[in-house]
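A.B. asks:
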Amino acid sequence: MKKLVDLISEDVKEAFIQKGYDEKYGIVTTSNRPDLCQYQCNGALSAAREYKKAPIVIAEDIVEVLKENSRFKEITAIMPGFINITLSDEFLAEYLNNMNREKDFGCEKDSAPKKIIIDYGGPNIAKPLHVGHMRSAVIGESLKRIFKFMGNEAIGDVHLGDWGTPMGLVIAELKRRKPDLIYFDESYTGEYPKEAPFTISELEEIYPAASAYSKENPEFREEAKQITYLMQNGHRGYMALWKHMQDVSVTDLKKIYEKLNVSFELWKKESDAQPYIPDMVKYFKDNGYARISDGALVVDVKEETDTKEIPPCMILKSDGATLYHTTDLATIVERMKLFNPDHILYITDKRQELYFETVFRCAKKTKLVNENTKLQFIGFGTMNGKDGKPFKTRDGGVLRLEYLIKMVTDEVYRKIMENRTMEEEEAKEVASKVGLAALKYGDLSNQASKDYVFDVERFTSFEGNTGPYILYTIVRIKSILEKFKQTGKTINPDSDILPAKSSTERELMLQITKFSDMIHAAYEELAPHRICQYIYDLADKFSSFYHETKIISEDYDDKRQASLILMISLVEGILLTCIDLLGFEAPDRM
Ligand code: ARG
Numbered sequence: 001m002k003k004l005v006d007l008i009s010e011d012v013k014e015a016f017i018q019k020g021y022d023e024k025y026g027i028v029t030t031s032n033r034p035d036l037c038q039y040q041c042n043g044a045l046s047a048a049r050e051y052k053k054a055p056i057v058i059a060e061d062i063v064e065v066l067k068e069n070s071r072f073k074e075i076t077a078i079m080p081g082f083i084n085i086t087l088s089d090e091f092l093a094e095y096l097n098n099m100n101r102e103k104d105f106g107c108e109k110d111s112a113p114k115k116i117i118i119d120y121g122g123p124n125i126a127k128p129l130h131v132g133h134m135r136s137a138v139i140g141e142s143l144k145r146i147f148k149f150m151g152n153e154a155i156g157d158v159h160l161g162d163w164g165t166p167m168g169l170v171i172a173e174l175k176r177r178k179p180d181l182i183y184f185d186e187s188y189t190g191e192y193p194k195e196a197p198f199t200i201s202e203l204e205e206i207y208p209a210a211s212a213y214s215k216e217n218p219e220f221r222e223e224a225k226q227i228t229y230l231m232q233n234g235h236r237g238y239m240a241l242w243k244h245m246q247d248v249s250v251t252d253l254k255k256i257y258e259k260l261n262v263s264f265e266l267w268k269k270e271s272d273a274q275p276y277i278p279d280m281v282k283y284f285k286d287n288g289y290a291r292i293s294d295g296a297l298v299v300d301v302k303e304e305t306d307t308k309e310i311p312p313c314m315i316l317k318s319d320g321a322t323l324y325h326t327t328d329l330a331t332i333v334e335r336m337k338l339f340n341p342d343h344i345l346y347i348t349d350k351r352q353e354l355y356f357e358t359v360f361r362c363a364k365k366t367k368l369v370n371e372n373t374k375l376q377f378i379g380f381g382t383m384n385g386k387d388g389k390p391f392k393t394r395d396g397g398v399l400r401l402e403y404l405i406k407m408v409t410d411e412v413y414r415k416i417m418e419n420r421t422m423e424e425e426e427a428k429e430v431a432s433k434v435g436l437a438a439l440k441y442g443d444l445s446n447q448a449s450k451d452y453v454f455d456v457e458r459f460t461s462f463e464g465n466t467g468p469y470i471l472y473t474i475v476r477i478k479s480i481l482e483k484f485k486q487t488g489k490t491i492n493p494d495s496d497i498l499p500a501k502s503s504t505e506r507e508l509m510l511q512i513t514k515f516s517d518m519i520h521a522a523y524e525e526l527a528p529h530r531i532c533q534y535i536y537d538l539a540d541k542f543s544s545f546y547h548e549t550k551i552i553s554e555d556y557d558d559k560r561q562a563s564l565i566l567m568i569s570l571v572e573g574i575l576l577t578c579i580d581l582l583g584f585e586a587p588d589r590m
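Be aware that the sequence shown starts at 1, since it is given in UniProt numbering, and climbs by one per residue.
Rendered as structure tokens:
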């Protein structure tokens, strides 16, 4: 189904052609003076130059053609040459009825759907998740849902960090604490136990301890490095411990991601890409892509048009060790081989931008990907505390994601219990849904690249531009619909939404019609905050309408009653679709 703004543009373009002007001037946009009109066309102003006429003359020409068009209630030429448009209520209602009958409210899908891998996890085993991981997960999950909604095949990959010295550090520390573990007995050749010799909490305590200890103890640091090397080269005991770390971490991570309403199609690990490295390195060398620089193997990725210095992409250090780059490149090789995607999208902290630029250039230059494969990076800003500094715990450490969720949920729970009489159990369930909405909406309502302030008070407020306010609107509609059901009346399936009877109703209807336009913008710009903006306006317009309109009344005839119920159901449906794209759900009551 065509977007409303495109439908009107067609008519206006037609008028330009009829009057002998180029149709390119007939583009219509949403009005930036909603107090004067709903849509506007500024084409006469630009056309004036080409046709050497006063803009107002051209605007009047167009208005003359469109005056009788039943889609417009009012169309006027305004000095110096604007065309102001207000739609007829009949046309608006008809458009809403079409939206109501179509799948996904008539939103057209991408005509050339693609296969896309979205890399938006990046947690590291043996290390707790932190706020940056949360942003990646929250933004990535929403983008993945938007891609799917638009008809693409989107595959989310957690890309677990399980390769490198942290693993060696944990094992070295374990060895220091429990030297008698069977894994450290070099003469042992039997099977290792299925049960890990540590819990997730132990694991999370061990890593920071080991990391701190290694800073003051070079011998220990050396040992950890050695262990990492042996582990990566097949040492049985260390490999078994590493496997335990993976299992324990993955079980825990899955729980946390589930709480965040985030799920990954793929649980691939950095270590999965390692087998691709030797052939990749050989390929780089054989084809003359790589050169030796100070003993290290690098690929130059500078381009003539660069205005800033782009360092070469380092593939192997002078001691032959691989780097973060190497793993990401090998992961690209693996993804191309297993999935052959059209597009790979990475979502990480924006400080990694230059890093990814280097990796992408290297992958393109060395033809690890096809010419048309799109490699794209989205960098997000920092989540700050109220003091404007990166969010930390009270003791200054990184905040565990789980505590963050709990903090928000507890606050919502407190509010629910304060205001309402709800059974404790239900209140807990509701709080977990509303808390998640508060957290995710608080994050997603900002443009991703911007820093933002994490403010529990504001995020959990039931008023204003917040997740809870959106949910509150949905819950309110649900309860009206429930009340209507209880009257015993039903809606005739052939009923229609009728033309607006008041300005708040008209405003609400107009906002509803902008759904497809907004989804397309969110998709093209990879911008979930567009969805937030839209639903906040929608909820607001609903609220104004609701305050002055009785939805259920004996005074209404069947048609008017049906129209109101159909319209608020449509608002509910759109809000539910939008929050699903943002990655959270609504409770039945709150
Ligand atoms: N594990 C990394 C970290 O915690 C993030 C990985 C991001 N994804 C990637 N393909 N490099 O910082």
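Ideal Cβ placement from N, Cα and C applies to all residues, glycine included. Note that the structure is predicted; figures quoted are calculated from it, not measured.
Less than 6 angstroms between the CB of residue 604 and some heavy atom of ligand 1, yes or no?
C.D. replies: One cannot answer for residue 604 here, as it falls past the ends of the chain, which runs 1 to 590.
A.B. asks: Evaluate the contact criterion for the region 150-158 versus the region 108-127: three or more CB pairs, one atom per stretch, below 8 angstroms.
C.D. replies: They touch, by the three-pair rule.
A.B. asks: Give me the Cα-Cα distance between F198 and G164, rounded to the nearest whole angstrom.
C.D. replies: Rounded to whole angstroms, F198 to G164 spans 20 angstroms at the Cα level.
A.B. asks: Return the Cβ separation of S142 and L471 in integer angstroms, given the expectation that the two are a contact with Cβ distance under 8 angstroms.
C.D. replies: Contact flag wrong, Cβ pair sits at about 16 angstroms.
A.B. asks: Are there any heavy atoms of ligand 1 lying less than 6 angstroms away from the beta-carbon of H325, as far as the coordinates show?
C.D. replies: H325: no, Cβ never under 6 angstroms from ligand 1.
A.B. asks: Pull up the DSSP beta-bridge partners for R291, would you.
C.D. replies: Paired residue(s): V298.
A.B. asks: Assign E572 to buried or exposed, taking buried as 16 or more other Cβ atoms, counted over all protein chains shown, within 10 Å of its Cβ.
C.D. replies: Buried.
A.B. asks: Verify the contact flag: S159, CB atom, against every heavy atom of ligand 1, threshold strictly below 6 angstroms.
C.D. replies: Note on identity: in this sequence residue 159 is His, with Ser being the wrong assignment. Correct: H159 has its Cβ closer than 6 angstroms to ligand 1.
A.B. asks: If you run the structure through DSSP and keep just helix, strand and coil, what is N100?
C.D. replies: It is helical.
A.B. asks: Going along the chain, which residues of its own chain have a beta-carbon closer than 8 angstroms to the beta-carbon of L96, five neighbours each way excluded?
C.D. replies: I497, M509, I512, T513, M567 and L570, listed in sequence order.
A.B. asks: For M417, which residues in the same chain have their Cβ closer than 7 angstroms to its Cβ, ignoring the five residues on either side in sequence?
C.D. replies: Here the set comprises A427.
A.B. asks: Roughly how many angstroms separate the alpha carbons of I480 and I531, rounded to a whole number?
C.D. replies: Going by the C-alpha atoms only, they are around 24 angstroms apart.
A.B. asks: Within the continuous beta strand (DSSP E) that includes G379, where are the two ends?
C.D. replies: Per DSSP, G379 belongs to the beta strand (DSSP E) from K374 to F380.
A.B. asks: If you follow the alpha helix (DSSP H) that C362 is part of, which residue opens it and which one closes it?
C.D. replies: From DSSP, the alpha helix (DSSP H) with C362 extends over E353 to K365.
A.B. asks: Please state if the CB of L45 and the CB of G81 are separated by a distance shorter than 7 angstroms.
C.D. replies: Against a cut-off of 7 angstroms, the Cβ pair of L45 and G81 comes out as a contact.
A.B. asks: Please classify Q226: is it buried, with 16 or more other beta-carbons within 10 angstroms of its beta-carbon, or exposed?
C.D. replies: Q226 should be labelled exposed.
A.B. asks: Within 10 angstroms of its Cβ, does G442 collect 16 or more other Cβ (buried), or is it exposed?
C.D. replies: So G442 counts as buried.
A.B. asks: Return the residue from the list R33, Y39 and D89 that minimises the CA-CA distance to S502.
C.D. replies: The residue with the shortest Cα to Cα distance from S502 is D89.
A.B. asks: How far does the alpha helix (DSSP H) with I480 in it extend, from its first residue to its last?
C.D. replies: Start and end: G467 to Q486.
A.B. asks: With a cut-off of 8 angstroms on the beta carbons, I'd call P587 and K386 a contact; round off their distance for me.
C.D. replies: Contact flag wrong, Cβ pair sits at about 28 angstroms.
A.B. asks: For a test of your reading of the model: does the CB of D119 fall under 6 angstroms from any non-hydrogen atom of ligand 1? Yes or no.
C.D. replies: Because some heavy atom of ligand 1 lies under 6 angstroms away, the Cβ of D119 counts as near it: yes.
A.B. asks: Mind checking whether I78 and C41 have CB atoms under 7 angstroms apart?
C.D. replies: Not a contact, by the Cβ cut-off of 7 angstroms.
A.B. asks: Going by beta carbon distance, what residues of the same chain come within less than 8 angstroms of L92, once the five residues before and after it are set aside?
C.D. replies: Contacts found: P499, A500, R506, M509, L510 and T513.
A.B. asks: Opposite Q447 in the DSSP bridges: which residues?
C.D. replies: Q447 pairs with nothing; no bridge assigned.
A.B. asks: Roughly how many whole angstroms lie between the Cα atoms of K364 and G379?
C.D. replies: If I take the Cα positions, the gap works out to 20 angstroms.
A.B. asks: Could you give the residue range of the beta strand (DSSP E) that holds Y84?
C.D. replies: Sequence inspection shows Asn at residue 84; the Tyr mentioned does not correspond to that position. From DSSP, the beta strand (DSSP E) with N84 extends over F82 to L87.
A.B. asks: Can you have a look at K485 and say buried or exposed, based on whether 16 or more other CB atoms are within 10 angstroms of its CB?
C.D. replies: It counts as exposed.
A.B. asks: Just the Cα atoms here: how many angstroms apart are E525 and R335?
C.D. replies: Going from the Cα of E525 to the Cα of R335 covers about 24 angstroms.
A.B. asks: Terminal residues of the continuous beta strand (DSSP E) containing Y192?
C.D. replies: No beta strand (DSSP E) holds Y192; DSSP gives it neither H nor E.
A.B. asks: Quick one: what's got a C-beta closer than 6 angstroms to L538's C-beta in the same chain, skipping five residues either side?
C.D. replies: Q511, listed in sequence order.
A.B. asks: Less than 6 angstroms between the CB of D162 and some heavy atom of ligand 1, yes or no?
C.D. replies: Every heavy atom of ligand 1 is 6 angstroms or more from the Cβ of D162, so no.
A.B. asks: Cα separation between Q447 and K308?
C.D. replies: Approximately 25 angstroms, taken between the alpha carbons.
A.B. asks: Quick one, are the C-beta atoms of W242 and M167 less than 7 angstroms apart?
C.D. replies: In this structure, M167 lies closer than 7 angstroms to W242 by Cβ.
A.B. asks: Using a 10 Å radius around the Cβ and a threshold of 16 neighbouring Cβ atoms, would you call S563 buried or exposed?
C.D. replies: Result: buried.
A.B. asks: Since L401 and W267 are thought to touch, with beta carbons under 8 angstroms apart, how far apart are those beta carbons, to the nearest angstrom?
C.D. replies: At roughly 18 angstroms, the Cβ-Cβ gap does not stay under 8 angstroms, so L401 and W267 are not in contact.
A.B. asks: Per DSSP, what are the beta-bridge partners of L160 in this structure?
C.D. replies: Paired residue(s): K269.
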